[in-house]
Each structure stands twice: as structure tokens, then as C-alpha cells.
Amino acid sequence: MNDGSKPLNFIEHIIEEDLAKGFPKEDLRFRFPPEPNGYLHIGHASSICLNFGLGLRYGAPVNLRFDDTNPAKEEQEYVDAIKKDVAWLGFEWNHECFASDYFQKLYDWAVTLIKNGKAYVDSQSSEAMAVQKGTPTAPGIASPYRERSVQENLDLFERMKKGEFKEGEHVLRAKIDMGSSNMLMRDPIMYRILHKAHHRTNTDWCIYPMYDWTHGESDYLEQVSHSFCTLEFAMHRELYDWFLDQVYDTEKTRPKQREFARRNLSHTIVSKRKLLRLVEEGVVTGWDDPRMPTISGLRRRGYTPESIRNFADTIGIAKRENLIDVSLLEFHVREHLNKIVPRVMGVLDPIKVVITNYPEGQEEWLEIENNPEDPESGSRQLPFSREIYIEKADFKEEANKKFFRLKLGGEVRLKAGYIIKAESCTKDTDGNITEIQCTYDPKSKSGSGTEESLRKVKGTLHWVSVQHALAAEVRLYDRLFTDESPDTHKDKDFLEFINPNSLEVITGYVEPSLKESKIEDRFQFQRIGYFNIDKDSTPEKLIFNRTVGLRDSWAKIEEKK
Ligand code: ATP
Ligand code: MG
């Protein structure tokens with residue numbers, strides 16, 4: 004949200020101009036209008052942050068309006084998921100509204116339009132109507148039913164409502180201008196017959212209003228002052244205004260539609276319809292699969308509401324479409340998690356280290372800070388013993404001077420513990436290292452105050468005690484698509500670009516303090532990345548999702564600019 008520290012975006016300029024022209028501030032009212040035909044995605048987050056952000060900035064109410072005019076695609080499950088996601092993002096709506104609550108009002112208005120000679124029932128096939136629509140350069144042809152009498156139109160429309168006709172037999176069209184240069188103005192359809200139960204109105208209706216007829220009138224009924232939508236609706240604005248003209252009462256606020264650019268994120272898709280295919284075809288495990296760009300997928304992956312809001316605020320609102328690199332989103336979650344989550348030990352690709360001069364059977368508990376970024380976060384105890392795991396990649400038999408990890412004859416510090424020195428290693432018949440033998444310096448314990456404890460060695464490694472560690476399932480995610488913009492290829496379906504390695508499941512070893520962790524708890528695994536507990540996790544078997552790695556590739560891209 005713009006708290007006044009940033010320059011105004013063009014949407015805010017529009018509002019400021021209206022206020023300057025005398026529009027009363029207390030009449031400002033906004034809405035976020037999802038169609039409940041899928042789960043919200045990261046693109047919607049931009050629209051949510053825009054509309055609710057304006058509400059906060061101007062102290063104006065914001066409605067959550069479900070644009071539920073297509074019973075074939077909409078479900079209560081989606082309504083519930085959308086409410087959960089908007090609330091989770093941290094926003095409070097004024098009224099929960101449904102376009103379907105306006106079905107009767109819209110019907111009555113449609114009757115008025117018929118009476119005023121502004122709408123008629125067309126009884127042609129959709130193919131015939133499509134042919135008559137013309138092209139952008141050639142005007143359309145009037146339907147043979149265009150001049151039906153008001154009486155006949157009223158009669159047919161009422162019978163459409165009563166369910167006397169089959170789907171496709173009749174439609175109600177606005178009578179505007181078949182010669183308009185804007186094709187949308189060439190007698191657009193207002194109602195179609197659909198013999199389908201609606202998730203809220205059930206079988207009360209078998210005619211359903213079209214988007215254009217519904218949206219502006221819903222804005223008007225709710226007295227929304229500024230109705231912001233994405234650019235593909237720019238051409239619809241003329242129709243939005245025409246429909247408002249038919250019902251507008253000058254005493255009331257007249258809503259104003261303005262458009263902003265859709266936000267696209269790299270290596271994914273932001274379209275409910277296409278995301279539904281991923282779910283239906285089993286490419287992912289559900290709408291909340293942690294690889295999905297849905298709000299619920301990001302939540303399950305470990306994202307915080309703050310990180311998503313900060314991302315949306317950083318990219319802001321634009322007049323033209325462009326592609327936002329997903330690493331910017333990752334940058335924001337890393338930045339937020341760095342401040343708030345505890346650091347813990349987890350080894351994902353273990354190799355055993357035996358500390359030969361540490362007494363067998365002995366254990367000790369080392370003090371370790373929970374989060375150096377947060378002094379209030381306190382500390383905890385970490386068990387240490389003769390056998391530990393470190394990452395395979397942290398050991399090499401021989402290495403050059405730039406390798407600050409463990410090598411034969413070299414020393415490293417174990418995080419929060421002792422300095423160890425690699426003396427030898429054991430290999431299997433294929434030459435793979437199976438165990439490393441080290442000695443430790445008993446006086447070098449971190450924080451013990453001795454001269455040796457202050458001794459600096461170049462590398463510090465994370466580790467866990469073999470005997471105390473918990474085995475856990477760790478789910479490592481990568482981008483869902485190998486292509487930057489998978490749904491922009493004319494000759495290829497986006498499913499052809501699925502990354503076959505978008506999920507890798509491994510067993511890792513984590514420190515025992517994680518035993519009591521709860522679903523959604525978040526951590527930084529030292530030197531590896533950010534992880535959270537997945538909803539599939541049980542006390543017997545912990546399951547972690549990797550939210551994002553530690554490496555900050557976005558900052559590097561920015562630095563190069
Ligand atoms: P989808 O194709 O994913 O279903 P939509 O635009 O049809 O998207 P709606 O439920 O109609 O989805 O969207 C609700 C609001 O969110 C609309 O105002 C729409 O313009 C906005 N919105 C949807 N996708 C994006 C996006 N990628 N970036 C910004 N705003 C978006
Ligand atoms: Mg839509």
C-alpha cells in the first residue's frame with residue numbers, strides 16, 4: 004500500500020483528480036471482483052493490493068464481490084478459498100457481495116430496457132449471429148428479429164425465464180448499434196439460457212446475465228465509485244457506460260471503469276482456467292500444490308502475506324503488460340523470512356563424520372542463538388556427540404585454498420560447537436567416500452571464552468548429531484515450467500513446458516528441537532535455505548517444503564544493471 008512515501012501511481016492520480024474536481028471523499032468506494040471459478044493466484048494479489056490498498060489510503064470501504072454469473076464453472080469451494088486467501092493476505096472487506104444476489108434486479112432492469120426499445124430477444128443460432136457481427140472494418144448486419152415488438156419481446160423473455168426453451172433457442176440482446184466501430188457495441192448479448200443449477204441460486208434461474216451487463220450494474224448497485232479492471236476490458240468500457248446510462252439516477256454515484264495492466268510472472272501461468280488444467284490433469288497435487296502460483300500454493304510453500312504484499316507493492320501498477328521475474332517474488336520472501344524465522348540445523352545430503360578423540364557414549368548440549376537478526380528470539384540447546392552428519396558437498400579430500408570447507412588436514416568450525424580437523428576418510432569399493440574421521444579441539448567450544456574458542460578458522464559448517472537427528476522428508480521445489488512464458492507459444496500447449504524436475508523428494512536429517520514443530524512453522528536451515536512444515540506432516544514423520552534457497556539471485560541481477 005502507498006503510505007504516502009511513494010509517488011502516486013496513475014490510478015491514484017485518477018482518484019486525486021476526481022477529488023480535486025469535487026467528488027466527495029466519503030463517497031469513494033472500491034471492490035475486488037473475482038469470479039469463483041478457481042483459486043486466486045499471484046496476479047490477483049496485485050489487484051487485491053491495489054483495491055484494498057486504495058481503501059486503506061482513502062479510508063474507503065472495499066467490497067469483496069463474487070462475479071458469479073456462470074453456473075457451469077463456479078463452485079462454493081472457490082468462494083470459500085477466495086475468502087480465506089484475501090483474509091490471509093491481511094485485508095478486510097466491507098461487504099461480501101454476490102452478483103447472483105442482483106439477479107432479480109438485473110432481470111427487472113432488462114425488462115425496462117425491453118420496454119424502452121433498448122433490448123430484444125434474438126432467436127437465431129449463435130453461428131448466424133457470429134456471421135452477422137461483421138469485422139472490425141465491416142459493419143454488422145441486423146438480426147431479422149431486431150424489430151420484434153416490445154410485447155413479443157416481453158413475452159419471450161418471460162418465457163425464457165420460466166424455462167420454456169432449450170439452451171441456445173433464444174438470447175436477449177441489447178439494441179445498440181450494428182455499425183459501431185467497437186464490435187462489442189454491436190447488439191451484445193445480455194442473457195443466455197442455461198439449464199444449470201447455480202451454487203447459490205440453485206435452480207431459481209435458468210437465464211443468466213452476461214459479464215458486461217452484470218459488472219457495471221453491480222458496481223452501481225453497490226455504489227462503487229472506481230471500478231478497476233485489467234486492460235482486456237478497455238474496449239468494454241463503452242458498453243459499461245452504455246449499460247449504466249440505461250439505469251443511472253443522477254442523484255447517485257456513477258461508477259467509473261478504469262484499466263491497468265495484468266501482471267505476469269515468469270516460469271509460471273496466471274490464469275485460473277489454465278491452472279485448473281494442471282489440477283485436473285494431475286500435473287500438480289491440487290490448487291495448493293506448493294509449486295502453484297496460487298495464493299494457497301504460496302502459503303503452503305511457506306510464503307508470508309507480508310512478502311506477497313511487498314512484492315505487489317514493489318512491482319506496483321502499470322499501464323502496459325510485462326513479465327515480472329519470479330526471482331523478485333523469491334527475493335521478497337527471503338527478505339521477510341530472514342527477519343522472522345529461527346535458524347536451525349538440517350543436513351540434506353549427509354555424510355558421517357566420526358570425531359575419534361571424542362569419548363564414545365558422551366553427549367553434550369550446546370547453546371545456540373535462534374535468530375541473530377532478532378535479539379528477542381532467544382536461544383536453545385543443540386546436542387553434540389561423537390558422530391555427526393555434515394553435507395557431502397562440504398568435504399573434499401583435496402581442494403585449493405578457496406575451498407573454505409573441510410578437507411584432509413584442514414580445519415573448520417562446527418556452527419555453535421568445536422573446531423574439527425579432518426584426518427582421514429573411508430571409501431567404498433567404487434571410491435565413494437562413506438565416512439570421515441576427524442579430531443576436535445576440546446578447548447575451542449564456541450562461546451566458552453577460552454583463547455581457542457576465539458580462534459578463527461575460515462569455514463563454519465552446519466551439522467547434526469547422528470544419534471539425536473530426526474529423519475525427515477524434504478520436498479525440494481523448482482520452477483514448474485522450463486519456459487519463461489509457457490502460455491505465449493502459438494504452436495505449443497503450455498503443458499509441453501512442464502519442468503520434469505520441479506519436485507525432488509529426499510530424506511534429510513534435522514536437529515531434535517524440530518520434533519514439536521507444527522504445520523506451517525517456518526525455519527531457516529543454516530546455509531541452505533528457508534523451509535516450512537507441510538500440511539502432510541505428522542509427529543511421526545516430519546515433512547518440510549523448501550520455500551526458497553538462501554542464494555539471492557535477484558539481488559545479483561539487480562547489481563549488474
Ligand atoms: P483468470 O484468467 O485467472 O481467471 P480473471 O481476470 O478472469 O483471471 P477474475 O476472477 O475475473 O479473474 O479477476 C478478479 C480481478 O483480478 C479482476 O479485476 C481482474 O482484472 C484481476 N486480475 C486477474 N488476473 C490478474 C493479473 N494477472 N494481474 C492483475 N490483476 C489481475
Ligand atoms: Mg474472468
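Read in order, the letters of the sequence shown are residues 4 to 564 in my numbering. Don't be surprised by glycine CBs; every beta carbon is placed ideally from N, CA and C.
Drop a sphere of 10 angstroms on the beta-carbon of residue i, count the other beta-carbons inside from all chains shown, and report buried for 16 or more, exposed for fewer.
{"i": "T297", "result": "buried"}
{"i": "K544", "result": "exposed"}
{"i": "S152", "result": "exposed"}
{"i": "H47", "result": "buried"}
{"i": "Q529", "result": "buried"}
{"i": "T317", "result": "exposed"}
{"i": "V134", "result": "exposed"}
{"i": "D125", "result": "buried"}
{"i": "H198", "result": "exposed"}
{"i": "H201", "result": "buried"}
For residue i, is the beta carbon positioned less than 7 Å from some heavy atom of ligand 3?
{"i": "E38", "result": "The model depicted lacks ligand 3 and carries ligand 1 and ligand 2 instead."}
Specify, as a first and last residue, the run of the beta strand (DSSP E) that residue i falls within.
{"i": "K355", "result": "P353 to I358"}
{"i": "A619", "result": "An answer regarding residue 619 cannot be provided, because it is not within the stretch 4 to 564 covered by the chain."}
{"i": "W368", "result": "E366 to E372"}
{"i": "Y81", "result": "Here Y81 belongs to no beta strand (DSSP E); instead the alpha helix (DSSP H) covers Q79 to W91."}
{"i": "R34", "result": "F33 to F35"}
{"i": "I117", "result": "Unbroken run through I117 is the alpha helix (DSSP H), F106 to K118; no beta strand (DSSP E)."}
{"i": "V65", "result": "V65 to F69"}
{"i": "E400", "result": "E400 -> no beta strand (DSSP E), and no H or E assigned at all."}
Quick check on the DSSP output: the alpha helix (DSSP H) that includes residue i runs from which residue to which?
{"i": "N313", "result": "P308 to I318"}
{"i": "H465", "result": "H465 -> no alpha helix (DSSP H), and no H or E assigned at all."}
{"i": "F14", "result": "The sequence shown places Ile at residue 14, not Phe. Here the alpha helix (DSSP H) through I14 covers F13 to A23."}
{"i": "C52", "result": "I45 to Y61"}
{"i": "F526", "result": "Where F526 is concerned, there is no enclosing alpha helix (DSSP H), although the beta strand (DSSP E) it sits in stretches over R525 to F528."}
{"i": "N156", "result": "V153 to K165"}
{"i": "R280", "result": "K275 to E283"}
{"i": "Y243", "result": "R240 to V250"}
If you draw a straight line from the alpha carbon of residue i to that of residue j, how long is it in whole angstroms?
{"i": "L43", "j": "I179", "result": "35 Å"}
{"i": "K108", "j": "C209", "result": "15 Å"}
{"i": "P375", "j": "K418", "result": "13 Å"}
{"i": "R2", "j": "N73", "result": "Outside the shown range of the chain, which is 4 to 564, sits residue 2, and nothing can be said about it."}
{"i": "G137", "j": "G143", "result": "4 Å"}
{"i": "Y110", "j": "P542", "result": "55 Å"}
{"i": "K448", "j": "E95", "result": "51 Å"}
{"i": "Y194", "j": "I546", "result": "50 Å"}
{"i": "G247", "j": "F314", "result": "What sits at residue 247 in the sequence shown is Leu, not Gly. Between L247 and F314, the C-alpha separation is close to 35 Å."}
{"i": "W557", "j": "E78", "result": "A caution first: W557 carries a pLDDT of 49, below 50, which makes its placement in the model too unreliable to give a value."}
{"i": "F55", "j": "K259", "result": "17 Å"}
{"i": "H218", "j": "I371", "result": "57 Å"}
{"i": "G349", "j": "S516", "result": "11 Å"}
{"i": "A472", "j": "V513", "result": "5 Å"}
{"i": "L234", "j": "L369", "result": "58 Å"}
{"i": "L187", "j": "S269", "result": "32 Å"}
{"i": "V65", "j": "G58", "result": "6 Å"}
{"i": "K24", "j": "K495", "result": "50 Å"}
{"i": "I436", "j": "E366", "result": "26 Å"}
{"i": "T115", "j": "R68", "result": "25 Å"}
{"i": "F387", "j": "L53", "result": "51 Å"}
{"i": "K342", "j": "Y251", "result": "51 Å"}
Give me the DSSP bridge partner(s) of residue i.
{"i": "V551", "result": "Y533"}
{"i": "E476", "result": "T510 and I546"}
{"i": "F94", "result": "Per DSSP, none; premise fails for F94."}
{"i": "Y42", "result": "DSSP, once it has assigned bridges, lists no residue as partnering Y42."}
{"i": "V124", "result": "L175"}
{"i": "S184", "result": "Paired residue(s): none; S184 is not in a bridge."}
{"i": "S427", "result": "Q440"}
{"i": "L411", "result": "A425"}
{"i": "V460", "result": "Paired residue(s): none; V460 is not in a bridge."}
{"i": "S382", "result": "E372"}
Is the shortest distance between the beta-carbon of residue i and the beta-carbons of chain D less than 8 Å?
{"i": "R60", "result": "Annotation note: the requested chain D is absent from the structure, which comprises a single protein chain."}
Contact the stretch 439-457 vs the stretch 414-428: 3+ CB pairs below 8 Å: Contact between the stretch 439-457 and the stretch 414-428 is established, with three or more Cβ pairs separated by less than 8 Å.
Any 3 or more C-beta pairs closer than 8 Å across the stretch 258-278 and the stretch 315-326: As far as the Cβ criterion goes, the stretch 258-278 touches the stretch 315-326, which means the pair count is three or higher.
The stretch 399-414 / the stretch 483-496 touching (three or more Cβ pairs under 8 Å): By the Cβ test, the stretch 399-414 is not in contact with the stretch 483-496, since fewer than three Cβ pairs between them sit closer than 8 Å.
Cβ pair count under 8 Å reaching 3, the stretch 325-343 against the stretch 16-33: Because the criterion of three Cβ pairs below 8 Å is not met, the stretch 325-343 and the stretch 16-33 do not touch.
Validate contact between the stretch 156-165 and the stretch 180-191 using beta carbons, cut 8 Å, 3 pairs: Taking 8 Å as the limit for Cβ pairs, the verdict is that the stretch 180-191 does not touch the stretch 156-165.
The stretch 536-550 / the stretch 514-525 touching (three or more Cβ pairs under 8 Å): Yes, the stretch 536-550 is in contact with the stretch 514-525.
Segment contact flag, the stretch 346-363 with the stretch 383-394, C-beta cutoff 8 Å, min 3 pairs: Taking 8 Å as the limit for Cβ pairs, the verdict is that the stretch 383-394 does touch the stretch 346-363.
Three CB pairs or more closer than 8 Å across the stretch 507-514 and the stretch 468-480: With a cut-off of 8 Å, the stretch 468-480 and the stretch 507-514 count as touching, because enough Cβ pairs lie within range.
Contact between the stretch 84-104 and the stretch 220-227 (3+ Cβ pairs under 8 Å): Contact holds: three or more Cβ-Cβ distances are below 8 Å.
At least three beta-carbon pairs within less than 8 Å, the stretch 168-175 to the stretch 124-141: As far as the Cβ criterion goes, the stretch 168-175 touches the stretch 124-141, which means the pair count is three or higher.
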